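Numbering (the UniProt record's numbering), first residue to last: 1 to 565. The structure appears below as structure tokens.
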């Protein structure tokens, strides 16, 4: 199938004019600026020559063997205006360079076109030869083709001298280091508008991240529409406008699918469930002080918090809620939360004390084990795979062997000085792990917050072990944005471009941490994000040419790339 789109206002994406400089004149920047059209994240193998070809936006076209895959069709439509912008047809001109007329996208299994899942093959090769008018993008799956298209879109640049679209002779052989490359966004502390979530999915695709971990609900709010328990939403959402309808959730899932991104729902329990008490107070454990029920004891507990493991009705309720989540979301995994189960309320409750005595439990973590065991049984009945935060394992609670454990504690969040002190014993129990501890984007490091990306970039998820099997069980990592101090006004600029540093670590995992040169490349990616309509924060003084935010009348809006999947 040949896709040839004619648009009289198309040109190659104007060369990103990224220019950063020192904070103080006495401390000049070191490192090397990248060549034009250097992709981010860096491919595993990238070979380029100085030989260039030109692209005529009026004639360039895509071809593909994936004619029955809507994802591939939509991606070719979507990427054309990303590559070609702001062109006046009268300035095409004549070039003495050889012409690249087309990109052939070949997918070994184009019929496998469902929803992305953990472990999908995202590898691809891209050949742009000097002596052919056609470039070849070869991938085993549509997901690899998406990653290759993103790289191709960044390779093409505008030559200011000749006013032409050009690309260097290039060979790329590329694949991700980690299968799980995620971003967690909390939409409970602050409601994040749908259009912001979609913009963030765009930015994730531009950086080859592949999991949107959606922390849907928490103590403060229940913004997800539930049709099984509508009272959860009507009582738990901030207002009727602060709700994600199930139709909107499906839009997010489909939008993410078109970009090769999984949507992983998190329904946290037994902690972080205070909001359930607004409509179902019977689900929460009453907390006691001096024999009186429902008495708060800050900072140890409120009047009632943490789900009540004494009642079978608690597990029946959660089973129905998990079943609704299973019907709505398409991923094989659910994130169960399970973090920060503060025992003070449980230990204050005489019924919990009686439960412990009746079962000969001498430690309160056995109450947590009871809750986890019953919940995992419910999840298994739903044929869900599970992921959760590290806390149950820290508390000597056993999980199912195939559980994925997310590491979030480090020196600022736990008792150990580094996150690997938590990860090592967990992985040695046989669990697979995802690292998040060094990538909490809601933390800002002053006085130079722009440089905090360096810490993110230098975090190496597998560096704490030399054992090959243990390294394999580190399946990836994710950047996290908790929204206590972020909403639609600032969340994207809080995330980007720091999350791009995380993305390159998880995709490329470069051996050489050349921070000085990487700084220039990251700034170029930051300017590229601005060019594509993502309000990414600066990392140093400087400018992005005409793409500085606010210089253009409106950010670019690409056909099919915002509110339609």
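A virtual CB, placed ideally from N, CA and C, is assigned to each residue, including glycine. Quantities reported herein were computed from a predicted structural model and do not represent experimental measurements.
Task: residue 196 beta carbon less than 9 Å from that of residue 427 - done: As a first step, residue 427 is located in the chain shown; it is residue number 427 there, counting from the start. As a first step, residue 196 is located in the chain shown; it is residue number 196 there, counting from the start. No, the pair does not count as a contact, with Cβ atoms beyond the cut-off.
- [ ] Return the first residue and the last residue of the beta strand (DSSP E) that residue 182 is part of.
- [x] The count along the chain shown starts at 1 and reaches residue 182 at position 182. It spans 180–186 - the beta strand (DSSP E) in which residue 182 sits, taken as one unbroken run.
Task: For residue 267 and residue 302, the rounded distance between their alpha carbons - done: Taking the chain shown and counting its residues from 1, one reaches residue 302 at position 302. Taking the chain shown and counting its residues from 1, one reaches residue 267 at position 267. Rounded to the nearest angstrom, the gap between the Cα atoms of residue 302 and residue 267 is 21 Å.
Task: Spatial distance of residue 171 from residue 18 (CA atoms) - done: The count along the chain shown starts at 1 and reaches residue 171 at position 171. The count along the chain shown starts at 1 and reaches residue 18 at position 18. Put simply, the backbone Cα of residue 171 is about 25 Å away from that of residue 18.
Open item on the list: At 3 residues or longer, what runs of the beta strand (DSSP E) sit wholly inside the region 227–290?
Closed with: Within the region 227–290, the beta strand (DSSP E) runs of at least 3 residues that lie entirely inside it are, in chain order, 262–269, 284–286.
Open item on the list: Rounded to whole angstroms, what is the Cα-Cα separation between residue 511 and residue 275?
Closed with: Position 511 of the chain shown, counted from the first residue, corresponds to residue 511. Position 275 of the chain shown, counted from the first residue, corresponds to residue 275. C-alpha separation (whole angstroms): 45 Å.
Open item on the list: Using a Cβ-Cβ cutoff of less than 8 Å, which residues in the same chain neighbour residue 397 once the five nearest sequence positions on both sides are dropped?
Closed with: Translated into positions along the chain shown, residue 397 becomes position 397. Excluding sequence neighbours, residue 397 sits near 365, 368, 369, 372.
- [ ] Out of 233, 477, 312, state which residue places its alpha-carbon closest to the alpha-carbon of residue 507.
- [x] Residue mapping note: residue 507 aligns to position 507 of the chain shown, counting from 1. The option with the nearest alpha carbon to residue 507 is 477.
- [ ] Would you decide whether residue 200 is buried or exposed? Buried here means 16 or more other CB atoms lie within 10 Å of its CB.
- [x] Indexing the chain shown from 1 puts residue 200 at position 200. Here residue 200 is buried: its Cβ has 16 or more other Cβ atoms, across all protein chains shown, within 10 Å.
- [ ] In angstroms with no decimal places, state the Cα-to-Cα distance between residue 203 and residue 328.
- [x] Within the chain shown, the letter at position 203 stands for residue 203. Within the chain shown, the letter at position 328 stands for residue 328. Taking the straight line joining both Cα atoms gives about 24 Å.
Task: Residues sharing a beta bridge with residue 168, DSSP - done: Numbered from 1 along the chain shown, position 168 holds the residue referred to as residue 168. Bridge partners of residue 168: 52.
TODO: Alpha carbon to alpha carbon, how far is residue 457 from residue 343? Give it in angstroms, no decimals.
DONE: For the purposes of this step, residue 343 is taken as the residue at position 343 of the chain shown. For the purposes of this step, residue 457 is taken as the residue at position 457 of the chain shown. About 36 Å.
Task: Reduced DSSP secondary structure (H/G/I, E/B, other) of residue 205 - done: Within the chain shown, the letter at position 205 stands for residue 205. The answer is helix: DSSP assigns residue 205 an H, G or I state.
- [ ] Taking the CB atoms as reference points, tell me whether residue 436 and residue 58 lie closer together than 9 Å.
- [x] By 1-based counting over the chain shown, the position of residue 436 is 436. By 1-based counting over the chain shown, the position of residue 58 is 58. The answer is no: Cβ separation not under 9 Å.
- [ ] State the CB to CB distance for the pair residue 169 and residue 129, rounded to an integer number of angstroms; the pair is presumed to be in contact (CB under 8 Å).
- [x] Position 169 of the chain shown, counting from 1, holds the residue named residue 169. Position 129 of the chain shown, counting from 1, holds the residue named residue 129. Right, the Cβ-Cβ distance comes to about 7 Å (below 8 Å), so this counts as a contact.
Task: residue 45, DSSP secondary structure in three states - done: Residue numbering aside, residue 45 sits at position 45 when the chain shown is read from its first letter. In this structure, DSSP gives residue 45 an extended state, which the three-state scheme calls strand.
- [ ] Could you pull the start and end residues of the beta strand (DSSP E) that residue 405 belongs to?
- [x] Mapped onto the chain shown, residue 405 falls at position 405. 404–407 is the extent of the beta strand (DSSP E) around residue 405.
Task: DSSP three-state assignment for residue 571, whether helix, strand or coil - done: Here the chain covers residues 1 to 565 and nothing more, so residue 571 does not appear.
Task: Length at least 3, wholly inside the region 84–159: the beta strand (DSSP E) runs in chain order - done: For the beta strand (DSSP E) assignment, the uninterrupted runs of no fewer than 3 residues enclosed by the region 84–159 are, from N- to C-terminal side, 102–107, 124–128, 134–139, 157–159.
- [ ] Answer yes or no: do residue 43 and residue 207 have a C-beta to C-beta separation smaller than 9 Å?
- [x] In the chain shown, the residue the question calls residue 43 occupies position 43. In the chain shown, the residue the question calls residue 207 occupies position 207. Here residue 43 is not near residue 207, since their CB atoms are 9 Å or more apart.
Task: Euclidean distance between Cα positions of residue 194 and residue 244 - done: Taking the chain shown and counting its residues from 1, the one referred to as residue 194 is at position 194. Taking the chain shown and counting its residues from 1, the one referred to as residue 244 is at position 244. Residue 194 and residue 244: Cα-Cα distance of roughly 8 Å.
TODO: Can you grab the Cα-Cα spacing for the pair residue 353 / residue 395, in whole Å?
DONE: Within the chain shown, numbered from 1, the residue matching residue 353 stands at position 353. Within the chain shown, numbered from 1, the residue matching residue 395 stands at position 395. Distance from the CA of residue 353 to the CA of residue 395, rounded to the nearest whole angstrom, comes to 19 Å.
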